[in-house]
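Protein chains: 2
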Amino acid sequence: MGRRRPGTPTLEEVAARAGVGRGTVSRVINNAAGVKESTRRAVRRAIEELEYVPNLAARSLAGRRADAVALVVTEPDWRSFAEPFFSEIVRSLGDALSDTGMQLLLTLVRSDAERQRFLEYARGGRVDGVLLLSVRAGDRLPDMLAEARLPTVLLGRRSGEEYVSYVDADNIGGARSAVSQLLRQGRRVVATITGPLDMYAAQCRLRGYQEALTLAGLEGEQTLVAESDFTAESGRRAMAELIERHPDIDGVLAASDTTAAGALEALRAAGRRVPEDVAVIGFDDFPLAQRTTPRLSTVRQPIEEIGRAMVRLLLEEMEEGAVAWRHVILRTELVLREST
Amino acid sequence: MGRRRPGTPTLEEVAARAGVGRGTVSRVINNAAGVKESTRRAVRRAIEELEYVPNLAARSLAGRRADAVALVVTEPDWRSFAEPFFSEIVRSLGDALSDTGMQLLLTLVRSDAERQRFLEYARGGRVDGVLLLSVRAGDRLPDMLAEARLPTVLLGRRSGEEYVSYVDADNIGGARSAVSQLLRQGRRVVATITGPLDMYAAQCRLRGYQEALTLAGLEGEQTLVAESDFTAESGRRAMAELIERHPDIDGVLAASDTTAAGALEALRAAGRRVPEDVAVIGFDDFPLAQRTTPRLSTVRQPIEEIGRAMVRLLLEEMEEGAVAWRHVILRTELVLREST
DNA sequence: ACTCGCAACGGGAGCGCTCCCAACCCTCGT
DNA sequence: ACGAGGGTTGGGAGCGCTCCCGTTGCGAGT
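Sequence order for the protein chains is A and P. Using UniProt numbering, you'd call the opening residue of the first sequence number 1 and step up by one each time. Using UniProt numbering, you'd call the opening residue of the second sequence number 1 and step up by one each time.
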């Protein structure tokens with residue numbers, strides 16, 4: 001396949017035109033010190049005139065770095081693509097990365113073939129580090145990246161594992177404080193709609209719910225727990241079930257704002273007033289939470305901070321070589337609005 | 001920043017170990033012909049033993065190609081990230097690209113700084129071609145890419161422009177056939193909920209709607225047209241308005257399935273039966289269309305084909321150098337389910 | 001006036017691959 | 001037996017940068 005681009009000027013040509021040496025042009029391009037201002041200007045003009053653009057392959061080869069990091073989304077979480085959490089995370093990573101001069105490359109890995117291809121891409125040196133969206137417990141990708149000694153940071157743990165760097169929100173604490181708040185308000189029959197329980201984050205939120213009940217000396221009943229898959233529809237269904245099982249229900253912690261929105265609809269359909277009859281708390285604090293009726297109380301995940309922390313950890317690993325694993329758990333915040 | 005990876009074996013080392021020359025190893029790696037089977041095996045073993053991975057920067061530099069293409073999403077369409085259309089397109093592009101050995105890199109461009117950075121990345125030769133999600137009319141990115149002579153294919157036109165390659169669905173024809181179908185069923189007060197009218201695709205669908213009415217000798221009334229922004233919520237609102245303005249309404253073409261879903265809710269709330277009182281047709285045929293009650297008739301966009309066509313055009317441009325603009329308009333298909 | 005020291009600058013030596021041509025080794029055909 | 005012609009193979013010549021060290025130029029110090 002002949003996909004060459006014709007007649008691109010090289011560093012050498014720029015140097016010739018500006019009447020200087022290659023080294024000087026390189027210094028100007030990389031904003032390195034030690035170039036007289038007048039020289040710098042002359043070089044800049046030559047660059048302009050020739051419409052010179054550095055060849056990144058050559059730079060990579062000589063400089064042994066790619067100036068790019070990959071954000072990998074694996075199949076199981078592919079659906080998260082269609083969720084606000086994902087686009088918010090991408091946005092925040094982009095912001096955090098924006099002044100490092102590195103490109104953020106989003107890659108999806110849906111099959112083993114694609115996993116393999118990405119691995120070759122990464123091991124081949126096209127990226128300096130990898131950010132991984134919470135992968136499933138069984139996924140070998142993080143280990144493969146570690147073997148290749150590629151700096152890697154996970155978003156969200158997969159379990160209690162330690163041998164990988166990750167950034168996560170304090171899901172347990174967030175859920176616990178939300179439920180405690182409900183109990184403090186005098187709610188006594190508090191249910192929870194969980195996320196898919198094969199996800200560690202969902203397990204943590206459930207644990208937080210249970211801890212709060214225990215702390216208050218209450219016994220968590222099995223029948224007050226319903227599982228959802230984070231969608232509004234499943235939230236609606238779970239809520240309807242809960243109402244049926246416990247007509248006296250007066251508080252709910254949902255696995256996400258989307259789920260909570262579904263729950264609100266089910267409550268409305270059942271003729272329950274929110275927050276008078278039933279208080280509802282969501283999770284995430286997406287923009288959606290401000291557009292429900294009533295506006296949703298929720299546990300805020302610090303998305304900006306998550307993005308910043310991930311980038312920081314990755315840069316640190318890149319700096320020092322992947323010699324240690326770093327973990328950051330970020331505090332969540334209870335945002336009270338109208339639904340409690 | 002010292003982000004080097006240590007002690008990676010090189011082609012040369014593999015060659016030495018296998019007792020052959022560099023050229024031969026290269027041929028084996030690239031599956032080129034002209035290597036004796038026994039030699040090939042020996043080389044493969046050496047590669048295995050050394051865990052050799054080709055350095056892609058070196059390959060790029062020597063081979064003058066990147067083996068990667070970028071899919072760029074610009075800010076105005078950023079929200080489409082959260083829409084099924086987007087994830088479906090990405091999926092289909094990934095499939096179409098999968099046996100070319102090229103990496104699909106998703107990039108988002110939200111600001112001028114990011115636009116500039118991406119341009120340097122692309123012009124720097126890190127990708128061989130660029131796929132652009134339907135950008136707004138004013139965006140200069142396609143022109144900048146064209147100037148840099150980078151093979152580029154747009155998804156969706158921005159207007160009537162010709163000087164760029166694109167793949168698009170026949171939005172006009174799709175809308176027209178949907179409305180014609182409604183009229184053929186005896187519907188007489190047919191409305192449409194459009195998408196944002198600063199998007200060319202939305203304009204086209206509106207045009208198709210109008211053409212069908214004209215064709216049937218009917219006059220399209222202004223008041224039968226309501227604008228939405230593709231979300232369910234705005235669809236609901238638009239539908240409610242339309243009912244108010246035209247209580248005798250008996251048919252609706254929505255701008256998307258999502259919008260249609262919102263419209264269905266509004267109709268239900270207003271006590272109209274679908275399809276007995278009002279027939280509804282959506283657009284896109286996303287999975288969602290099969291999960292509404294009643295299941296949605298819709299105009300199917302051939303997403304698989306769109307993805308394949310985009311990749312095909314891009315490969316052609318890469319092959320021949322961007323010397324011509326290619327346009328592909330794909331036929332849509334009316335899928336009749338329960339809502340008509 | 002002469003030396004010293006430092007800021008600026010030039011360019012050799014790679015980085016690890018692909019391309020390509022020359023060299024080599026067989027196996028036929030005669 | 002010997003040369004022709006094919007299939008294989010080796011390795012030189014880059015690709016366009018960065019790194020780094022040696023060199024140059026110039027003002028200050030004595």
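In this text, a Cβ means the ideal position worked out from N, Cα and C, and glycines have one as well.
Min CB distance residue i to chain A below 7 Å
i	result
P:V311	no
P:Q103	yes
P:A240	no
Cutoff 7 Å: residue i Cβ touching any chain P Cβ
i	result
A:L330	no
A:L106	yes
Buried/exposed call for residue i, threshold 16 Cβ in 10 Å
i	result
A:A113	exposed
P:N55	buried
A:R323	First, the residue type needs correcting, since residue 323 of chain A is Val and not Arg in the sequence shown. When all chains shown are included, A:V323 counts as exposed.
P:L264	buried
P:V206	Val is not the amino acid found at residue 206 of chain P; the sequence shown has Leu there. Buried: at least 16 other Cβ atoms inside 10 Å.
P:D128	buried
P:Q116	exposed
A:Q181	buried
P:A32	exposed
P:L197	exposed
A:Y163	exposed
P:D257	buried
A:L314	buried
P:E147	exposed
A:A57	buried
P:T214	exposed
P:A269	exposed
P:G101	exposed
Own chain, CB closer than 8 Å to residue i, minus 5 neighbours either side, in chain order
i	result
A:A191	L224, V225, A226, L242, H246, I249, G251, V252, L253
A:V299	G174, A175, S177, A178, I281, G282, F283, D284, D285, T332, E333, L334, V335
A:A137	R158, S159, D198, Y200
P:L155	I89, L131, L132, L133, S134, Y166, V167, D168, I306, M310
A:R45	A18
P:A122	A70, V130, L145, A148, L150
Residues bridged to residue i [DSSP beta-bridge criterion]
i	result
P:Y166	P:L154, P:H327
P:R300	P:D284, P:E333
P:L108	P:V73
A:G251	A:V190, A:A279
A:A68	A:Q103
A:L133	A:L155
A:V225	A:T192
Cβ shell of residue i (< 6 Å), same chain only, five flanking positions each side left out
i	result
P:L145	V130, T152
A:V25	L11, V14, A15, V43
P:C204	N171, I172
A:A70	L105, T107, V127, V130
A:P84	F286
P:S339	V274, P275, V280, P294, L296, S297
P:A260	A254, V280, G282, L296
Sequence-distant residues of its chain with Cβ nearer than 7 Å to residue i (five each side left out)
i	result
A:E13	L50
A:Q103	D67, A68
A:A202	T194, G195, P196, A255
P:L93	L71, L104, L131, G307, M310, V311
A:G125	S60, A66
A:R188	D250
At a Cβ cut of 7 Å, what residues of the segment 124–155 of chain P count as close to chain A, listed as they run along the chain? G124, G125, R126, D128, R149
Determine which residues of the UniProt domain "HTH lacI-type" (9–63) of chain A have a Cβ less than 7 Å from any Cβ of chain P, and write them out in chain order. V53, P54, N55, L56, A57, A58, S60, L61
For the segment 109–121 of chain P, list every residue whose C-beta sits within 9 Å of some C-beta in chain A, in sequence order. R110, S111, A113, E114, R117, F118, L119, E120, Y121
Members of the segment 275–305 of chain A near chain P, C-beta cut-off 9 Å: R291
Could you name the residues of the segment 88–99 of chain A whose beta carbon sits closer than 8 Å to any beta carbon of chain P, in the order they occur along the chain? V90, R91, G94, S98
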